[in-house]
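Note sheet for the following structure.
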Ligand SMILES: Cc1cc2nc3c(=O)[nH]c(=O)nc-3n(C[C@H](O)[C@H](O)[C@H](O)COP(=O)(O)O)c2cc1C
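In our numbering, the protein residues as written are 22 to 406.
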């Protein structure tokens, strides 16, 4: 299997499966590019892991994973980072025989909406049939641990990253300012800061759950206080890097920045964000249709993106499928353990991947600027960077 690392200077490498083998199975992340002297404790990481943890509430998976992490490398005797790679592990603690047997029962059957079919094509019979292996949503726990480290470093730079449910099954959160979104962040299970819309969303998801079905949704991502000048003009545009990072998360089916797909029906005069000079001599924009990006480079406004999340593929409704071994059409029995919607957990993974991407871009931009020796008057434009 290829492609288990992400980032160039700040870089994560993950391993581990949803079930794994025997006692002691788990998921791990190695984080490269952590500066020395930082007080990154397991609590800092745990706080992020708790956001995506299953087994809490009605609209999340009943799988009882406590997702407790251990830092096993990169912290010295003084309790601070040494500058060496950080190693973090999260053990699987809810790998019950009853569920392993259930996976064994349909291990040759292509599960609709899951990665089973392409996994057969790539790994044959050796593919991990138990709990979807690397294609499992559980894989993302290691990303969230790595993202927690990135978030910690970005916070010191004044950057904040937050994602929330913007839309679910036709119910939309109203447009809100950063302050209100932040105030109402994680106030409900579905993580929608429009508290009225949240109630309606949760009610609708529970109705769908009763039908044995699952629901999709849209997550909005905001990267607040991001300095201008991050991202490279050609292949490594900030938008392209974020799309790579976020579309690498299972169940993500699309991403749009700023006005996004609406631009297809806008006039230039409506879409262009007009700049102005603030009282303290900075350049800002009156609107943010560009979602904080011009030419793929940050322009000093918040990055705003929306991410389409598909309904959880596991459903409790009988489906037709194929036994890949016998090449026969079969009926796939209902499967019960699942999230009725992924939106109440996936936001933590989106935040993590955004943090890793932005921190990596920040490292690169600063490295480049240290050699570019640009005239001070231009550097002033990206002052807090
Ligand atoms: C945090 C998270 C949790 C997930 N939980 C489940 C789950 O409980 N059941 C399920 O069928 N899929 C779950 N998924 C989705 C699958 O991982 C994903 O749909 C599958 O690998 C196929 O990939 P694709 O949807 O990108 O094609 C989860 C994904 C994420 C990111």
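Ideal placement from N, C-alpha and C gives every residue a C-beta, glycine not left out.
(request) Would you decide whether residue 16 is buried or exposed? Buried here means 16 or more other CB atoms lie within 10 Å of its CB. (result) Past the boundaries of the shown model lies residue 16; the chain is included only from 22 to 406, so the question cannot be answered.
(message) Taking the straight line between their C-alpha atoms, what separation do you get for residue 306 and residue 340?
(response) Taking the straight line joining both Cα atoms gives about 51 Å.
(request) Using 8 Å as the cut-off, classify the Cβ of residue 408 as near or not near the heavy atoms of ligand 1, replying yes or no. (result) With the chain running from 22 to 406 in the structure shown, residue 408 is simply not present.
(message) Cutting at 6 Å between CB atoms, please list the residues of its own chain near residue 91, excluding the five before and the five after it.
(response) So the qualifying residues of the chain are 110.
(message) Would you say the beta carbon of residue 355 is closer than 8 Å to some non-hydrogen atom of ligand 1?
(response) Because no heavy atom of ligand 1 lies under 8 Å away, the Cβ of residue 355 does not count as near it: no.
(message) Considering only their Cβ atoms, is the gap separating residue 134 from residue 354 smaller than 9 Å?
(response) No; because the gap between Cβ atoms is not below 9 Å, this pair is not in contact.
(message) Rounded to the nearest angstrom, what separates residue 183 and residue 211 at their Cα positions?
(response) The straight-line gap from Cα to Cα measures roughly 14 Å.
(request) Taking residue 51 and residue 34 to be in contact with their CB atoms under 8 Å, please state how far apart those CB atoms are, rounded to whole angstroms. (result) Contact flag correct, Cβ pair sits at about 5 Å.
(message) Taking the alpha helix (DSSP H) that residue 168 belongs to, which residues open and close that run?
(response) Here the alpha helix (DSSP H) through residue 168 covers 161 to 177.
(request) Would you list the one or two residues that DSSP bridges to residue 305? (result) In the DSSP output, where bridge partners are listed per residue, residue 305 has 297.
(request) Grab the span of the beta strand (DSSP E) containing residue 270 for me, first residue to last. (result) Here residue 270 belongs to no beta strand (DSSP E), and DSSP marks it neither H nor E.
(request) Measure the Cβ-Cβ separation of residue 333 and residue 363 and say whether it is below 9 Å. (result) Against a cut-off of 9 Å, the Cβ pair of residue 363 and residue 333 comes out as a contact.
(message) What does the alpha-carbon distance come out to for the pair residue 208 and residue 186?
(response) If you take the alpha carbons of residue 208 and residue 186, they lie about 12 Å apart.
(message) Quick test of the definition: if touching needs 3 or more C-beta pairs under 8 Å, does the segment 233 to 253 touch the segment 288 to 296?
(response) No contact exists between the segment 233 to 253 and the segment 288 to 296.
(message) Let's test the definition: count the other Cβ atoms within 10 Å of the Cβ of residue 148 and tell me whether it reaches 16, buried, or not, exposed.
(response) By the neighbour-count criterion, in which a residue is buried when 16 or more other Cβ atoms sit within 10 angstroms of its Cβ, residue 148 is buried.
(request) Examine the Cβ distances between the segment 186 to 206 and the segment 151 to 171 and report whether three or more of them are shorter than 8 Å. (result) Taking 8 Å as the limit for Cβ pairs, the verdict is that the segment 151 to 171 does not touch the segment 186 to 206.
(request) Say yes only if the C-beta of residue 207 is nearer than 8 Å to one or more non-hydrogen atoms of ligand 1, and no if none qualify. (result) No, ligand 1 has no heavy atom inside 8 Å of this Cβ.
(message) Just to check my reading of the structure: residue 180 and residue 245 have Cβ atoms closer than 8 Å, yes? What is that Cβ distance to the nearest angstrom?
(response) Indeed, because the Cβ distance is near 7 Å, the residues count as touching under 8 Å.
(request) Alpha carbon to alpha carbon, how far is residue 89 from residue 65? Give it in angstroms, no decimals. (result) Going from the Cα of residue 65 to the Cα of residue 89 covers about 12 Å.
(message) Helix, strand or coil, according to DSSP, for residue 198 in the structure here?
(response) Three-state DSSP puts residue 198 in coil, outside helix and strand.
(message) Rounding to the nearest angstrom, what Cα-Cα distance links residue 226 and residue 273 in this structure?
(response) Going by the C-alpha atoms only, they are around 18 Å apart.
(message) Quick check: what's the CA-CA separation for residue 389 versus residue 252?
(response) Rounded to the nearest angstrom, the two C-alpha atoms are 11 Å apart.
(message) Helix, strand or coil, according to DSSP, for residue 388 in the structure here?
(response) The three-state reading of DSSP puts residue 388 in helix, counting H, G and I together.
(request) Have a look at residue 249 and residue 141 and give me their C-alpha separation to the nearest angstrom. (result) A direct Cα-to-Cα measurement between residue 249 and residue 141 gives close to 45 Å.
(request) Please classify residue 114: is it buried, with 16 or more other beta-carbons within 10 angstroms of its beta-carbon, or exposed? (result) It is exposed - the Cβ of residue 114 has fewer than 16 other Cβ atoms within 10 Å.
(message) What residue range does the alpha helix (DSSP H) around residue 137 cover?
(response) Residue 137 -> alpha helix (DSSP H) spans 137 to 144.
(request) With DSSP as the reference, label residue 127 as helix, strand or coil. (result) In the three-state reduction of the DSSP assignment, residue 127 falls in the coil class, being assigned neither a helical nor a strand state.
(request) Give a yes or no on whether the C-beta atoms belonging to residue 161 and residue 73 are separated by under 9 Å. (result) The Cβ atoms of residue 161 and residue 73 sit closer than 9 Å to each other.
(request) Look at residue 384 and residue 29 and say whether their C-beta atoms are less than 9 Å apart. (result) Taking 9 Å as the Cβ cut-off, residue 384 and residue 29 qualify as a contacting pair.
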